[in-house]
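Participant: Take a look at this one; I'll ask things after.
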Amino acid sequence: MQTLNRIRVVETFRAPRRTTNPYIVMLDEALSETDGLDYHRFSWPRAILGRYDVLHIHWPETRLQGSTRVKRALNLWLFELLLVRLRLIPTAVVRTVHNLELPSDLTMHQRSALTKLDTLTSMRITLNPVTPTRNVPNCFIPHGHYRDWFRGFARAAPTTNKLGYFGLMRRYKGMDALLSAYAEARDLDDSVSLDVGGLPSSADISATVERAQATIPGIKSTLRFLEDSEIVRLATGSQLIVLPYVTMHNSGGALAALSLDRPVLVPETEATISLRDEVGEGWVICFSPPLTGATLLNALDASRELTGKPDLSRRDWSDVGVRHRDAFLEAMVERRGSGRRWRRWGRRG
């Protein structure tokens, strides 16, 4: 009888909370149920001192964050200790590529630490097929859909000519552009409305939305973290979801909207064109910046008679855990060699 020895994996996310990204919650569940993995969530003692074979990284900059200067300094020191451990003890580092660029607000020391981590990476897991490759092995595991996640929540009937936006409101996500384009669209067609919901990343963004709501008719805003039931109501109550990001590569927001059978308007990039081709005609509408009122009205016209559902069959979660396990094994072979020392992680009689 053949058996598969267990690969010891440490993730860089902690136990999911109410506000945790649903992708992480579903991945956490998938990995915990996958045969052949001895799976652990993140803690600094485990990451620095524990015995494990694979460190699986998501958004590594989050491990450097802290609410105070002291906490950020402590996390940077712990991160540097982790880098020493990864150099001294052969460990496969697997990086899931969520964003192509690092956040713009990192310090020089934080950027240096993340650059060092990149040099230790054994495998990159990409979430879409057009992510640029680097000089390390890549494994494509599509970002799973949210159909099961949203199952059971009450849906609203879409309102004609209502635009929607949900998710964290960060500067790069283009809220200024959306509000400006909406004002133009409203001047051309006073039946258009806009519903935006999500937690702003700064007081400036909150003020921008509140000022627009006070001066432009038809805007509704909910400036806080949205519960899943509220996301479902906002998305399904809108005719079209607009994600006016300055740039877009991976977007959980677009997949969430598509999982709720709502079309999306997104900037035209190689990644969004690929998504458009995958899910079926009409569900992903691409625009070339800048976003204008005419762009919004044309997208509403294009989406008005849309029927059926987008094709998300390639994004099922059923084999996500197994595909990650296979990627972890390949990364171990890459990091430490495929000689006799590592044969015990393969299948054997």
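Position 158, counted from 1, in the sequence shown is what this note's numbering calls 195; the numbers after and before it change by one each time, with no gaps. Note that the Cβ used here is the ideal one computed from N, Cα and C, for glycine as well. Quick caveat, the model's predicted, so the values are computed rather than measured.
(1) Kindly provide the ranges of any alpha helix (DSSP H) runs that are 4 or more residues long and lie completely inside the stretch 144–181, ordered along the chain.
(2) For Lys210, which residues of its own chain have a beta-carbon under 6 Å away from its beta-carbon, when the five flanking residues on both sides are left out?
(3) Arg132 and Thr158 look like a contact to me (Cβ under 8 Å); what is the Cβ gap, rounded to whole Å?
(4) What do you get for Thr105, buried or exposed, if any count of 16 or more other CB atoms within 10 angstroms of its CB means buried?
(5) Excluding the 5 residues preceding and the 5 following Thr273 in the sequence, name in chain order all residues of the same chain whose CB lies nearer than 6 Å to its CB.
(6) With contact counted as at least three CB pairs below 8 Å, one residue from each stretch, are the stretch 351–364 and the stretch 149–157 in contact?
(7) Classify Ala244 as buried or exposed, calling it buried when 16 or more other Cβ atoms lie within 10 Å of its own Cβ.
(8) Out of Val269, Val229, Asp142, which one is the CA nearest neighbour of Thr99?
(9) Where does the unbroken beta strand (DSSP E) through Phe324 begin, and where does it stop?
(10) What did DSSP end up calling Met38 once you bin it into helix, strand or coil?
(11) How would you write the range of the beta strand (DSSP E) that His93 sits in, first residue to last?
(12) Just checking, does the stretch 247–258 make contact with the stretch 284–293 on the three C-beta pairs under 8 Å criterion?
(13) What is the residue span of the beta strand (DSSP E) that Asp65 lies within?
(14) Of the residues Gly201, Leu205, Leu337, which one's Cα is nearest the Cα of Leu263?
(15) Going by DSSP, name the residue or residues bridged to Gly204.
(16) Just the C-alpha distance for Arg377 and Arg51, rounded to the nearest angstrom, thanks.
(17) Shortest alpha-carbon distance to Thr252 belongs to which of Val269, Gln276, Arg223, Gly235?
(18) Please state whether DSSP places Gly386 in a helix, a strand or coil.
(19) Would Pro347 be called buried (16 or more neighbouring beta carbons within 10 Å of its own) or exposed?
(20) Would you list the residues sitting across from Lys346 in a DSSP beta bridge?
(21) Taking its Cβ as the centre, do 16 or more other Cβ atoms sit within 10 Å of Gln276, making it buried, or is it exposed?
(22) Contact check, Arg207 vs Ser258 under 8 Å by CB: the rounded distance?
(23) Is it buried or exposed for Met145, if we count other Cβ within 10 angstroms and need 16 for buried?
(24) Tell me where the alpha helix (DSSP H) around Arg45 begins and ends.
(25) Is the beta carbon of Val269 sitting closer than 8 Å to the one on Leu302?
(26) Using alpha carbons as the reference points, say which of Glu315, His286, Pro300 lies closest to Thr306.
(27) Looking at C-alpha atoms only, which residue of Tyr76, Met212, Arg43 is the closest neighbour of Thr49?
(28) Leaving out five residues on either side along the sequence, give the residues of the same chain with a beta carbon under 6 Å from the beta carbon of Arg78.
(29) How many Å lie between Cys176 and Asp226 at the Cα?
(30) Considering only residues of the same chain and omitting the five flanking positions on each side of Ala129, which have a CB-CB separation below 8 Å?
(31) Less than 8 Å between the CB atoms is what I'm expecting for Ala214 and Gly330, so what's the real figure, rounded?
(32) First and last residue of the alpha helix (DSSP H) that includes Arg313?
Facilitator: Let's see:
(1) Counting only unbroken stretches of 4 or more residues, the alpha helix (DSSP H) elements lying wholly within the stretch 144–181 are 145–156, in sequence order.
(2) Annotation for Lys210: Tyr282 place their beta carbon closer than 6 Å to its own, counting only its chain and skipping 5 residues before and after.
(3) Right, their Cβ atoms sit about 5 Å apart.
(4) Its Cβ having fewer than 16 others within 10 Å, Thr105 is exposed.
(5) Hits under 6 Å: Arg192, Ala193, Leu297.
(6) With a cut-off of 8 Å, the stretch 149–157 and the stretch 351–364 do not count as touching, because too few Cβ pairs lie within range.
(7) Exposed.
(8) Looking at the Cα atoms, Asp142 is the closest of the given residues.
(9) Note, Phe324: beta strand (DSSP E), 321–324.
(10) In this predicted model, Met38 has a pLDDT of only 32, less than 50, meaning its place in the structure is not dependable enough to derive any value.
(11) Element bounds for His93: 91–94.
(12) The stretch 247–258 vs the stretch 284–293: no contact.
(13) Premise fails: Asp65 lies in the alpha helix (DSSP H), 59–69, not in any beta strand (DSSP E).
(14) Of the candidates Gly201, Leu205, Leu337, the one whose C-alpha sits nearest the C-alpha of Leu263 is Leu205.
(15) The partner list for Gly204 (beta bridge, DSSP) is empty, contrary to what the question assumes.
(16) Legend: pLDDT at Arg377 = 41, less than 50; position of this residue unreliable, no value from coordinates given.
(17) Of the listed residues, the one whose Cα sits closest to Thr252 is Arg223.
(18) Because the pLDDT at Gly386 is just 34, under 50, the model does not fix this residue reliably, and the point stays unresolved.
(19) Looking at its Cβ environment, which holds 16 or more other Cβ atoms inside 10 Å, Pro347 is buried.
(20) Answer is none; Lys346 lacks a bridge partner.
(21) Around the beta-carbon of Gln276, 16 or more other beta-carbon atoms lie within 10 Å, marking it buried.
(22) Here Arg207 is actually not in contact with Ser258; their C-beta atoms are around 16 Å apart, not less than 8 Å.
(23) The residue in question, Met145, is exposed, as its Cβ has fewer than 16 Cβ neighbours within 10 Å.
(24) Looking at the DSSP string, Arg45 is not in any alpha helix (DSSP H); the run it does join, the beta strand (DSSP E), is 44–48.
(25) For Val269 and Leu302, no; Cβs fall outside 8 Å.
(26) When only C-alpha atoms are compared, the closest one is His286.
(27) Nearest to Thr49 by C-alpha distance, out of Tyr76, Met212, Arg43, is Tyr76.
(28) By the criterion of a C-beta distance shorter than 6 Å, Arg78 is surrounded in its chain by Glu48, Arg51, Ala52, once the five residues flanking it on both sides are discounted.
(29) Rounded to whole angstroms, Cys176 to Asp226 spans 47 Å at the Cα level.
(30) So the list reads Asp90, Val91, Leu92, Ser159, Met160, Phe365, Ala368, Met369, Glu371, Arg372, Arg373, once near-sequence residues are dropped.
(31) That belief does not hold up - the Cβ atoms of Ala214 and Gly330 are roughly 11 Å apart, past 8 Å.
(32) Element bounds for Arg313: 307–316.
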